[in-house]
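When we follow my numbering, the leftmost residue of the sequence shown carries the number 698, and every step to the right adds one.
Ideal placement from N, C-alpha and C gives every residue a C-beta, glycine not left out.
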Amino acid sequence: MSWGTELWDQFDNLEKHTQWGIDILEKYIKFVKERTEIELSYAKQLRNLSKKYQPKKNSKEEEEYKYTSCKAFISTLNEMNDYAGQHEVISENMASQIIVDLARYVQELKQERKSNFHDGRKAQQHIETCWKQLESSKRRFERDCKEADRAQQYFEKMDADINVTKADVEKARQQAQIRHQMAEDSKADYSSILQKFNHEQHDYYHTHIPNIFQKIQEMEERRIVRMGESMKTYAEVDRQVIPIIGKCLDGIVKAAESIDQKNDSQLVIEAYKSGFEPPGDIEFEDYTQPMKRTVSDNSLSNSRGEGKPDLKFGGKSKGKLWPFIKKNKSPKQQKEPLSHRFNEFMTSKPKIHCFRSLKRGGATPEDFSNLPPEQRRKKLQQKVDELNKEIQKEMDQRDAITKMKDVYLKNPQMGDPASLDHKLAEVSQNIEKLRLETQKFEAWLAEVEGRLPARSEQARRQSGLYDSQNPPTVNNCAQDRESPDGSYTEEQTQESEVKVLATDFDDEFDDEEPLPAIGTCKALYTFEGQNEGTISVVEGETLYVIEEDKGDGWTRIRRNEDEEGYVPTSYVEVCLDKNAKDS
698 MSWGTELWDQ
708 FDNLEKHTQW
718 GIDILEKYIK
728 FVKERTEIEL
738 SYAKQLRNLS
748 KKYQPKKNSK
758 EEEEYKYTSC
768 KAFISTLNEM
778 NDYAGQHEVI
788 SENMASQIIV
798 DLARYVQELK
808 QERKSNFHDG
818 RKAQQHIETC
828 WKQLESSKRR
838 FERDCKEADR
848 AQQYFEKMDA
858 DINVTKADVE
868 KARQQAQIRH
878 QMAEDSKADY
888 SSILQKFNHE
898 QHDYYHTHIP
908 NIFQKIQEME
918 ERRIVRMGES
928 MKTYAEVDRQ
938 VIPIIGKCLD
948 GIVKAAESID
958 QKNDSQLVIE
968 AYKSGFEPPG
978 DIEFEDYTQP
988 MKRTVSDNSL
998 SNSRGEGKPD
1008 LKFGGKSKGK
1018 LWPFIKKNKS
1028 PKQQKEPLSH
1038 RFNEFMTSKP
1048 KIHCFRSLKR
1058 GGATPEDFSN
1068 LPPEQRRKKL
1078 QQKVDELNKE
1088 IQKEMDQRDA
1098 ITKMKDVYLK
1108 NPQMGDPASL
1118 DHKLAEVSQN
1128 IEKLRLETQK
1138 FEAWLAEVEG
1148 RLPARSEQAR
1158 RQSGLYDSQN
1168 PPTVNNCAQD
1178 RESPDGSYTE
1188 EQTQESEVKV
1198 LATDFDDEFD
1208 DEEPLPAIGT
1218 CKALYTFEGQ
1228 NEGTISVVEG
1238 ETLYVIEEDK
1248 GDGWTRIRRN
1258 EDEEGYVPTS
1268 YVEVCLDKNA
1278 KDS
């Protein structure tokens, strides 16, 4: 099977067919190129999708991803990111192994096709030229033969005519001979050209054209084979990433199997456990017996203070109510209704733990005293761990500086050992500060875990007085009910309501007498009181202290009758009166 023998007369059709083959190859290249663009676009969309659902760093959402189901989701997002990477690999390999290679081959193919058909056209032109020469010699031979025949006939006519002179007859005979010789020459020339044309034609149809068409056939077959190989490469590029894609899918399955519902349930307990005990049984209140009611707040205070005449609450002229509770006029109905209301309050509304924090704009206390016991313990433990890591980091830095100093001492040409003393002292100072900070948080942690006394002697005595007048189920909220001055002065009634907004309980304090000054203080630094409940001071200014630091780092001071608020204890130098300390 050869195009040279089977298609010897289909030069134009072969030219069209080979051009169509190149067009098909270019179309395939375009198809693969669009596939690579789709793979890149798909990979980009997968990466954007994975990034969109990744938790933001240092956000509340990141804390929620501690559950195993959320961790499995994060693993799925990471695997999808790797999955997208494999599609990028597909795009890159197809571009380098197929598109670039085929594009270069197409250019070579076009050049080879152009050269082959150029040779074919050249052979065609040669045979056409030979054919024209043959036709020309043939026509000349035919013409000479006719001229010789006419000359012969004319000679014979002249020879037969008796009236013609002998000279004319001789002339006619010579002319006939010349024409006959020309015909013989034309015949010989025609015969030679014919033989030459037949030889050229034989070479053209049996040698030149078959060779050219054979080259074109081989070129076309190579194009077909190359296109088939590219299709195999196309499949292999996909096949190469299948194991990795399979691993990505296996990772997703493994992440799904790692979900532990029991562990997630335990994490919910750890996240929201308050540490409080559930309320006890409500005592039966017998209304059939006559009750003596009092309408005087003073009588209620006296009845609560019987047996403890030496106990004082902050040196105030009248009892101060804690802001959540309104004044009570029925001391006998003070136990379970308040417990029930406190239970509803803690489970249904946000707790406002301390008037002190409200006056400062709701800032979180350093010791996390605004949190329930269990949550406070977790926060303190987390803080202690962070401080220990910082201490270890500083200690490692100190060790490195010490080693460097030893090197400088042994090799003075490398550096001055004294230049490291300042840095070494600074690191040691940082370590000491961090250790003091750690001890402070460890003390608070020990307090929460019951290893240290929870409050001062005065606070314990006041708590004991409060506990003797209230059901045990409310005692777990003692810390939340502690007023800014450390006293428990709340009184209960069936009609008592919990007020959350600051405007509802600020009015409770507007009618009270101002707190007496218990000492003075001098501002060591300038403080800009921007939050509500704070007061601005200028360095060197002297003010009155009306409430000392309760352990949260804030001291309550007064400038005049209308200006008072909280300032950081570290910003002032406090000098308390001796009488105030005793009271």
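Proximity below 8 Å, CB of residue i to CB of residue j
{"i": "residue 1121", "j": "residue 1088", "result": "no"}
{"i": "residue 777", "j": "residue 747", "result": "yes"}
{"i": "residue 973", "j": "residue 1069", "result": "yes"}
{"i": "residue 711", "j": "residue 722", "result": "no"}
{"i": "residue 791", "j": "residue 744", "result": "no"}
{"i": "residue 1123", "j": "residue 1081", "result": "no"}
{"i": "residue 1243", "j": "residue 1212", "result": "yes"}
{"i": "residue 931", "j": "residue 797", "result": "no"}
{"i": "residue 1135", "j": "residue 1084", "result": "yes"}
{"i": "residue 842", "j": "residue 880", "result": "yes"}
{"i": "residue 914", "j": "residue 700", "result": "yes"}
{"i": "residue 1245", "j": "residue 1269", "result": "no"}
{"i": "residue 810", "j": "residue 715", "result": "yes"}
{"i": "residue 945", "j": "residue 764", "result": "no"}
{"i": "residue 751", "j": "residue 774", "result": "yes"}
{"i": "residue 938", "j": "residue 786", "result": "yes"}
{"i": "residue 719", "j": "residue 806", "result": "yes"}
{"i": "residue 929", "j": "residue 813", "result": "no"}
Closest by C-alpha distance to residue i, when choosing among the options
{"i": "residue 1267", "options": "1255, 1274, 1250 and 862", "result": "1250"}
{"i": "residue 1116", "options": "1215, 1105 and 1126", "result": "1105"}
{"i": "residue 1239", "options": "706, 1245, 737 and 1217", "result": "1217"}
{"i": "residue 834", "options": "1215, 842, 883 and 1065", "result": "883"}
{"i": "residue 664", "options": "1073, 1114 and 1131", "result": "What the structure shows of the chain is the stretch from 698 to 1280, and residue 664 is not part of that stretch, so it cannot be assessed."}
{"i": "residue 908", "options": "943, 937, 817 and 961", "result": "817"}
{"i": "residue 894", "options": "917, 832, 1062 and 875", "result": "832"}
{"i": "residue 1236", "options": "1221, 1264 and 898", "result": "1221"}
{"i": "residue 934", "options": "793, 852, 1234 and 920", "result": "793"}
{"i": "residue 837", "options": "930, 1079, 965 and 890", "result": "890"}
{"i": "residue 1094", "options": "1110, 1064 and 1125", "result": "1125"}
{"i": "residue 1254", "options": "1227, 858, 1248 and 1215", "result": "1215"}
{"i": "residue 846", "options": "862, 1107 and 869", "result": "869"}
{"i": "residue 1226", "options": "1252, 1248 and 1246", "result": "1252"}
{"i": "residue 1128", "options": "1090, 911 and 1101", "result": "1090"}
{"i": "residue 950", "options": "980, 981, 1109 and 772", "result": "772"}
{"i": "residue 706", "options": "1092, 1241 and 906", "result": "906"}
{"i": "residue 954", "options": "1247, 982, 1142 and 770", "result": "770"}
{"i": "residue 1072", "options": "979, 1133 and 969", "result": "969"}
{"i": "residue 1230", "options": "871, 1265 and 1100", "result": "1265"}
{"i": "residue 961", "options": "1256, 761, 742 and 1263", "result": "761"}
Span of the beta strand (DSSP E), counted from its first residue to its last, around residue i
{"i": "residue 1070", "result": "Looking at the DSSP string, residue 1070 is not in any beta strand (DSSP E); the run it does join, the alpha helix (DSSP H), is 1070-1107."}
{"i": "residue 1253", "result": "1251-1255"}
{"i": "residue 1273", "result": "1269-1273"}
{"i": "residue 1261", "result": "1261-1265"}
{"i": "residue 1244", "result": "1239-1244"}
{"i": "residue 1115", "result": "Segment: none, residue 1115 is in no beta strand (DSSP E) and carries neither H nor E."}
{"i": "residue 1219", "result": "1216-1220"}
Cβ-based neighbour list, residue i, same chain, cut-off 7 Å, excluding 5 preceding and 5 following
{"i": "residue 866", "result": "855 and 856"}
{"i": "residue 1260", "result": "1232"}
{"i": "residue 1108", "result": "none"}
{"i": "residue 924", "result": "722 and 725"}
6 Å Cβ shell around residue i - same chain, five flanking residues per side excluded
{"i": "residue 767", "result": "none"}
{"i": "residue 739", "result": "784"}
{"i": "residue 876", "result": "844, 845 and 848"}
{"i": "residue 886", "result": "834"}
{"i": "residue 830", "result": "890"}
{"i": "residue 713", "result": "none"}
Enclosing alpha helix (DSSP H) for residue i [first to last residue]
{"i": "residue 1135", "result": "1118-1146"}
{"i": "residue 702", "result": "700-703"}
{"i": "residue 829", "result": "797-857"}
{"i": "residue 873", "result": "863-900"}
{"i": "residue 970", "result": "Here residue 970 belongs to no alpha helix (DSSP H), and DSSP marks it neither H nor E."}
Close Cβ partners of residue i (< 8 Å) along its chain, the five nearest in sequence each way excluded
{"i": "residue 1075", "result": "967"}
{"i": "residue 823", "result": "897 and 901"}
{"i": "residue 1142", "result": "1074, 1077, 1078 and 1081"}
{"i": "residue 927", "result": "725, 729, 795, 798 and 799"}
Any non-hydrogen atom of the ligand HEM within 7 Å of residue i CB
{"i": "residue 954", "result": "Judged by which ligands are present, the structure shown has none, so any question about the ligand HEM falls away."}
Which parts of the segment 721-778 are runs of the alpha helix (DSSP H), unbroken and 4 residues or longer, counting only runs that do not cross its ends? 757-761
Give the list of continuous beta strand (DSSP E) stretches no shorter than 3 residues that lie fully inside the segment 930-955. none
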